[in-house]
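Worksheet: one structure, shown below.
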Amino acid sequence: MVNQLEKIERLEQKIKKPEEERTTKDKEREKIKKKLEKLRKKQLKLADKFKDEVVKRYGKIVKSVVIFGSFIRGDFHEKSDIDLLVIIDDTAARFTDEMKEAFDEKIQALGKSISKDINVQPAWTLTEFWEMARIGHPLLYTIVRDGWALYDTGFFIPTRKLLELGKIPGTLEAVELFMEGAPKKIQRAEMAKLYMIAEDLYYSMLNSSQAVLMYMGLEAPAPKHVVREVEQHLVRNKIKNVSGEKLDKFIEDAKDYVAQMESILNAFRKKKKTDIIVKNYEVMIKAAVAILKKMDKLPPDPKDLPAAIDKYLIDAGLVSASYKDTFKRVVTMRKMVADGQADKIPERDVELVREYVRRFLRDVSKIIETMESKGKNKKSKKSKTKRKKRKKSKN
Numbered sequence: 002m003v004n005q006l007e008k009i010e011r012l013e014q015k016i017k018k019p020e021e022e023r024t025t026k027d028k029e030r031e032k033i034k035k036k037l038e039k040l041r042k043k044q045l046k047l048a049d050k051f052k053d054e055v056v057k058r059y060g061k062i063v064k065s066v067v068i069f070g071s072f073i074r075g076d077f078h079e080k081s082d083i084d085l086l087v088i089i090d091d092t093a094a095r096f097t098d099e100m101k102e103a104f105d106e107k108i109q110a111l112g113k114s115i116s117k118d119i120n121v122q123p124a125w126t127l128t129e130f131w132e133m134a135r136i137g138h139p140l141l142y143t144i145v146r147d148g149w150a151l152y153d154t155g156f157f158i159p160t161r162k163l164l165e166l167g168k169i170p171g172t173l174e175a176v177e178l179f180m181e182g183a184p185k186k187i188q189r190a191e192m193a194k195l196y197m198i199a200e201d202l203y204y205s206m207l208n209s210s211q212a213v214l215m216y217m218g219l220e221a222p223a224p225k226h227v228v229r230e231v232e233q234h235l236v237r238n239k240i241k242n243v244s245g246e247k248l249d250k251f252i253e254d255a256k257d258y259v260a261q262m263e264s265i266l267n268a269f270r271k272k273k274k275t276d277i278i279v280k281n282y283e284v285m286i287k288a289a290v291a292i293l294k295k296m297d298k299l300p301p302d303p304k305d306l307p308a309a310i311d312k313y314l315i316d317a318g319l320v321s322a323s324y325k326d327t328f329k330r331v332v333t334m335r336k337m338v339a340d341g342q343a344d345k346i347p348e349r350d351v352e353l354v355r356e357y358v359r360r361f362l363r364d365v366s367k368i369i370e371t372m373e374s375k376g377k378n379k380k381s382k383k384s385k386t387k388r389k390k391r392k393k394s395k396n
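First residue of the sequence shown? That's 2 in this note's numbering, and the numbers climb one at a time after it.
See the structure below:
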């Protein structure tokens, strides 16, 4: 009897132990959740303060103040930056590059005066915004789709709605909209009446084909031209097509076709993302090396390049402080590609970094042009001085 009681007690203890462990884990999760919620409120309060100050000082030209990045995605932590973007009106009056740079410096300084965690991106003008919207620029997709307007005068949010509906051609959203619709139409085909099956199978294969062609940089062809375009750009490149004779086989073949199109699209995305990451790294490194070499500040050891960029470009005020974060992200992404971890990098982050690398290259090119122009002027003055001296000596 005693042995049986001991067995029961041991059994009860075994049951209690996992329950206690679960309770402890639940408490830890709840604690982390509360901590993150507190941090979220703090970050939002700081972002709102920045927004209020920007609108107060520059309200006449400010069209939107947007928060984006880890705060909106929900993967922020204690060391996360508060990413902010200001969109300004350059249509009411002339807005030169110098004025834009001065404005960027002011809002970045304002952000840092509120909190060191605030990371203000270079401002967008209305012209830049609508140009990117017109061509379906990936950076616009990233900011508008994933961003949250803290202040908006009535165009940022409507543009977001258009993107969500896939109404801006060429964007990743438009591609995804076509691809996502294909499997749903397959499901309908399996359950629908006979007269609906042919139509749904037709559109599932049509839309998935259009999605892949769009991702390849081609215009979505009209339905009557899809077969020709798929044959030209995919079949001739050794990608197999599918066909069938019976109704059940039509459904299975359509499933295979859509799956194949999804596989092709994923392969394109992966290659494109890897190529962009490598290109971002190469362009930023080459641009940094070129400007530092021109300044005679290029360190002999490549490991010292980040420190040289900070000291001679960012701290010296030649380029925006936001490029420090850009350089860090470029190097991190390149390392992840080398380690075979490219899949862990969000596609939108890659496109965002690419745009800022492009801007860094533009800014560095301007600095080099200015330095070369000054060098030519100095040479010209020296040659004039020499000619004057020669004339005097002859006289």
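The C-beta atom is built at its ideal place from N, Cα and C for all residues, glycine as well.
Going by CA-CA distance only, name the one from LYS117, SER81, ASN281 and PHE328 that's closest to SER71. SER81
Just mark MET133 as buried or exposed, buried being the case when its beta carbon has 16 or more other beta carbons within 10 Å. buried
Do you know how far the Cα of VAL145 is from the Cα of ALA214? The sequence as given places Leu at residue 214; Ala does not occur at that position. The straight-line gap from Cα to Cα measures roughly 24 Å.
Evaluate LEU219 with the Cβ neighbour count: other Cβ atoms within 10 Å of its Cβ, from every protein chain shown; 16 or more gives buried, anything less gives exposed. exposed
Touching by the beta-carbon criterion (3+ pairs, under 8 Å), the stretch 108-123 and the stretch 78-93: yes
Exposed unless 16 or more other CB atoms sit within 10 angstroms - verdict on ASN267: exposed
For PHE1, the first and last residue of its enclosing beta strand (DSSP E): As shown, the chain starts at 2 and ends at 396. That puts residue 1 outside it, with no answer to give.
Round the Cβ separation of ARG335 and VAL279 to the nearest angstrom and send it over; I've been treating them as touching at under 8 Å. 7 Å
I want to see whether chain B comes within less than 9 Å of GLU373, judged by CB atoms only; does it? Here chain B cannot be found, since the structure has a single protein chain.
Given a threshold of 16 other Cβ atoms within 10 Å of its Cβ, counted over all protein chains shown, does ARG95 qualify as buried or as exposed? exposed
On the DSSP bridge assignment, give the partners of ASN120 in chain order. ASP84
Closer than 8 Å by C-beta to LEU362: which residues in its own chain qualify, once you throw out the five before and the five after it? Chain order, please. VAL284, MET285 and ALA288
Where VAL320 sits in the DSSP three-state scheme: coil
Does the Cβ of GLU353 have 16 or more other Cβ atoms within 10 Å, making it buried, or fewer, making it exposed? Note that residue 353 is Leu in the sequence shown here, rather than Glu. Classification for LEU353: buried.
Test item: CB-CB of TYR152 and VAL228 under 9 Å: no
Which of the three DSSP states is assigned to THR333 in this structure? helix
Quick test of the definition: if touching needs 3 or more C-beta pairs under 8 Å, does the stretch 92-112 touch the stretch 151-166? no
Taking 9 Å as the threshold (C-beta atoms), are VAL351 and LYS274 in contact? yes
Would you kindly work out how many angstroms separate the C-alpha atoms of SER114 and GLN211, rounded to a whole number? 49 Å
Under 9 Å between the Cβ atoms of ARG41 and PHE69? no
Quick one: Cα of GLY112 to Cα of LEU47, how far? 9 Å
Less than 8 Å between C-beta atoms, sequence neighbours within five positions excluded: which residues of the same chain meet that for ASP326? ASP82 and ASN120
Rank LYS39, GLU38, ILE89 and ASN281 by C-alpha distance to the C-alpha of ALA61 and give the top, closest one. Sequence inspection shows Lys at residue 61; the Ala mentioned does not correspond to that position. Nearest option by C-alpha distance: ILE89.
So, with DSSP's three-state summary, where would you put LEU299? coil
Spatial neighbours of ARG360 within its chain, please: CB distance less than 7 Å, with the 5 preceding and 5 following residues excluded, ordered by chain position. PRO123
Measuring only the C-alpha atoms, how far is ILE368 from PRO303? 22 Å
With a CB to CB cut of under 8 Å and the five nearest residues on each side skipped, what residues in its chain are close to ASP344? LYS271
What is the DSSP secondary structure of ASP91, reduced to helix, strand or coil? coil
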